[in-house]
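Residue numbers (mature numbering (1 follows the signal peptide of the UniProt record, and there is no 0)): -27 to -1, 1 to 997.
As structure tokens, the structure follows; a few thoughts come after it.
Next up, the structure:
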């Protein structure tokens, strides 16, 4: 309630005017303020459904209230979804729908305030009487902030009693009288007794003789100012002879909902009645719902206005069990009406909004959940009155006996399922006599990955799990897809496609594929080496030169192996000279094929093809990573090399054949990395007696010429030196050189690959004496010059300005200018941190708790916060290490999760760097030289791996080397006339006897003048 004391002379006309103003401007009562006072703002709210398999997405619906923009299609192919199988998590290309709805955001019309949109004081057309600002809007409190000089609840009065005029800027000047003040006053003065003048500042002495009665005053006559008369005092009324106090309360000067209290002659106060508030001149209903929401919980209750000063709390829709001071509990929709599939978990994520999530091992939108392939097959075959009831029994039985576990636990797969009628002519029992053959037949009906009919309509080839390819015919008149195995005879027709399972797709065929024999038969009685000797003889010959070959000859009683074998054709198609180099002894000494480094294509376990399509990469025995992926038409690739035959079983392991040669990037052991230079030189043959000059023999691999020399020395039978003759011989000398793009003694490929050293953005220190360091061009950095030195640039030439706005740019040369995951700042979101988001406010009812809103041209979109992913309506914490790019870490690094949406990259064992850029550790270049002895040579055999070999003159294991102390162990090196003398530890020398000259390998008398450095050996024929 409010009180305003008034002590003014109020002419009757003025009172009537003010009363009319007050009655018109008090504002509508809450019960009358409804939609008429609402000016709601409409916006278009856009969300995206959760990413799913495209085939599954066709049946996914938008949340209630939303309209599917992508109706009638699989949706937008702009996302990847997590495919979890056992301990693996794959991120596969998927689809999602765009959903929109008109969202109404409640707002009050101008001049209204509070949740109920009541009129501002003074009325909505002229809030605060046009002399102030109303705190309007749903969040406002309806109070007027009056301009200078004005006051009152509706700014309807002057702030002070001595002000008057429409601007309340004039000051009353009555000295001995009452001023006609206020907004409508004119400042005129009504003088007290014995005073006159416009300011009541002129005394009237004659009034002393005029005895005016009580409550009257002496004043000039209204008719004749030269005469005096008695008039009632201000605030009194009468004829001057009898004056009584004016009671303004009798004139209804207060608001209709205010009480008028008489305070004395023409004085009163206006006090708003209980349930109303204001200054008494303006009284507004007290609506507790407008202020502090009536102490009701804004989250769970609604404040109901019951009348002036009265309200109560009621539970919102989808809430119940009201408790004063606490609020209401959200009703669990799942308890009252569970809309989810029997294999889904139901949770209430918002009032009246259930979230259905398929249980682990199932996929779907929650209202429908699909089990694994075997489960879906059995359900199709047993569904009462279903289309396929009892018509798929035979092939399901075959799968049960041969491949049920992978189809239940692994994936994704596409299964081509012939009906029982389509298996006519096949006897399942007969097929199962040879389980391996039966399994091969089954795998001819399985494709790695999810190959939908839509995909089949856009390609002409598919690959089965055996590695065998097939043809797709989709242009026939009947508009049905037909399939045929390469080399097969019959076409099979898909009669129902795209049946969804949690780990793949099912296509039902009108008949079975051709029963074809493998191109490379399994044989559990033979070892891997035995099986390779025909079609894969060239690779077998490589293995035979190493201990690996001997290991693969063993019967497999110990460790089973898996080996990836290139075909003879793949080896033949290698660059000229490469295979010859592979077969050279130098290759087996230095390349990755020697026993100590182990073959890079060898694994000490039996790898199943169903496991390969799950594993992103597998570490070989040579500490190398082989990466596996599957193309959209089912072809399995190992380091981008096609697998031709899968799971060929031998006695001691499994064989996978390849169309090319696997070349791990860190070793490159089988590349033509040596480009030795050939040079022709002239050398001397053996020195003999000139009479026997034609007996002079050329050194090995040298060709004799018709030229001879007569100035050589040989040792006669009596061990005396004589002058003789020798033949000149032509020989080809190989000068060791590395090919361009290779460096070091072993001609290791330069960083970035030998075909494009330093990523084409720098100069590699290549050659035999090079160390492989990349000297990057201006604008590039990194061990392979694969990063832009300017953190705000990207692209092949590092000349494109980064598109990342509020994050850290992915400044790689193969980047698209997006931001690194987990680096968005300031509430931004999106791949480019370009979405400026803010709290959703009223829109929060449509967005997830971990989402913010992006407003764009009147459209509000829910955007998951940094570190979360989803459609905005539902956001889940993202694991950056399981994504498609695995945290943008180096392929030789592990991604380690550090928090919500954040991670770090740690180089693998044997590698070093910052995790985004990892390069192989060469122990031999480290200060400790790989732990080798000071008298040993360090040999690099792989990342972080080395071996030690004692230098000549020392013996041991390389870690410990001791000097060879006895000259007897070096016999056969000195000239017959020389003696072997120990010079120092490990060093020995041949010394000619006194009277002879020479280096100990050859001793001669001091009369010899011919240069003897051309002699190839001191062990030529001795002739007289």
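Every residue, glycine too, gets a C-beta built ideally from N, C-alpha and C.
Leaving aside the five residues that flank residue 71 on each side, the residues in its chain whose CB is nearer than 7 Å to its CB run, in chain order, 19, 21, 42, 43 and 49.
At least 9 Å separates the beta-carbon of residue 395 from that of residue 474.
Pairwise C-beta distances place the region 797 to 813 out of contact with the region 882 to 891, as fewer than three of them are shorter than 8 Å. About 6 Å separates the CB atoms of residue 687 and residue 695; that is less than 8 Å, so the two are in contact. Here DSSP, grouped into helix, strand and coil, assigns residue 864 to coil. Taking residue 772 as reference, the option from 304, 752 and 781 with the minimal CA-CA separation is 752. Relative to the Cα of residue 141, the nearest Cα in the group 823, 125, 343 and 316 belongs to 125. The straight-line gap separating the alpha-carbon atoms of residue 731 and residue 441 is approximately 38 Å.
Under DSSP, the beta-bridge partners assigned to residue 258 are 249.
Leaving aside the five residues that flank residue 29 on each side, the residues in its chain whose CB is nearer than 7 Å to its CB run, in chain order, 336, 337 and 473. As computed with DSSP, residue 822 is found in no beta bridge at all. With fewer than 16 other Cβ atoms from the protein chains shown falling within 10 Å of its own Cβ, residue 215 counts as exposed. For residue 279, the uninterrupted beta strand (DSSP E) segment begins and ends at 274 to 280. Note that the region 339 to 353 does not touch the region 297 to 311; fewer than 3 beta-carbon pairs, one per stretch, sit closer than 8 Å. According to DSSP, residue 231 shares a beta bridge with 245. Sixteen is the threshold: since fewer than 16 other Cβ atoms of the shown chains lie within 10 Å of the Cβ of residue 765, the residue is exposed. Look at residue 413 here: in three-state DSSP terms it is helix. Residue environment: residue 293 is assigned as exposed (fewer than 16 neighbouring CB atoms within 10 Å of its CB, all protein chains considered). The count of Cβ pairs closer than 8 Å, one atom from the region 377 to 394 and one from the region 409 to 418, reaches three, so the stretches are in contact.
Going by DSSP, residue 928 is part of the beta strand (DSSP E) stretching over 927 to 929. Taking a C-beta distance under 9 Å as the contact criterion, residue 246 and residue 281 qualify as a contact pair. The Cβ neighbour count for residue 719, taken over all protein chains shown within 10 Å, is at least 16; the residue is labelled buried. Between residue 156 and residue 168, the C-beta gap is not smaller than 9 Å, which leaves the two residues out of contact. Only buried fits residue 951, as 16 or more other CB atoms lie within 10 angstroms of its CB. When rounded, the separation of the alpha-carbon atoms in residue 351 and residue 585 is 26 Å. Note on residue 346: 16 or more other CB atoms within 10 angstroms of its CB, so buried under the neighbour-count rule.
Non-local beta-carbon contacts of residue 699 in its own chain, meaning distances under 6 Å to residues more than five positions away in sequence, involve 657, 658, 660, 669, 682 and 685 in chain order.
Residue environment for residue 385: buried (at least 16 other C-beta atoms within 10 angstroms of its C-beta). Approximately 6 Å separates the beta-carbon atoms of residue 86 and residue 108; this is inside 8 Å, confirming the contact.
Segment contact: the region 509 to 516 against the region 429 to 445, fewer than three CB-CB distances shorter than 8 Å; contact not assigned. Every unbroken stretch of the beta strand (DSSP E) spanning 3 or more residues and falling wholly within the region 616 to 700 is given here in chain order: 626 to 631, 650 to 657 and 675 to 688.
In terms of CA proximity to residue 150, 166 leads the group 181, 880 and 166. Secondary structure of residue 917 (DSSP, three-state): coil.
Apart from sequence neighbours up to five positions away, the residues of its chain that approach residue 923 with a beta-carbon distance below 6 Å are 909, 929, 931 and 934, ordered along the chain. Looking at the backbone, the Cα of residue 495 and that of residue 505 are separated by about 11 Å. Per the Cβ contact rule, the region 476 to 490 is in contact with the region 395 to 404 (3 or more Cβ pairs under 8 Å).
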